[in-house]
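Residue numbers (UniProt numbering): 1 to 96.
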């Protein structure tokens, strides 16, 4: 079991790491990122996987994020994704 000091240190490391994982709606416009995980139910995960949106895939934000969602591009294909899904796609921003 971790003591409070060790737990706090681990959390600070996660918060200050160079490229922390965060939901897609938290990225700036025109950013590129790699999908780390999808936190939705099985149906949503399967729907996104059928479109090629799955962990390990690189994407580029074409438009947004805004209150309606984002438009992303993966391998030349563009997809509009609503906010309910965008908030469940966890990514790591890639360097420019």
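Note that the Cβ used here is the ideal one computed from N, Cα and C, for glycine as well.
Does DSSP put residue i in a helix, a strand or coil?
{"i": "residue 87", "result": "coil"}
{"i": "residue 95", "result": "coil"}
What residue from the options has the CA that sits closest to residue i's CA?
{"i": "residue 75", "options": "53, 39, 36", "result": "53"}
{"i": "residue 29", "options": "59, 84, 50, 36", "result": "59"}
{"i": "residue 34", "options": "72, 45, 68, 67", "result": "72"}
{"i": "residue 89", "options": "20, 36, 80", "result": "36"}
Exercise for the section: Determine contact between the segment 40 to 50 and the segment 58 to 65, defined as no fewer than three beta-carbon pairs at a distance below 8 Å. Expected result: no
Exercise for the section: Write down every uninterrupted run of the beta strand (DSSP E) in the UniProt domain "Ferrous iron transporter FeoA-like" (22 to 93) whose length is 3 residues or greater and which is fully enclosed by it, in chain order. Expected result: 32 to 38, 58 to 66, 69 to 74, 77 to 82, 89 to 93
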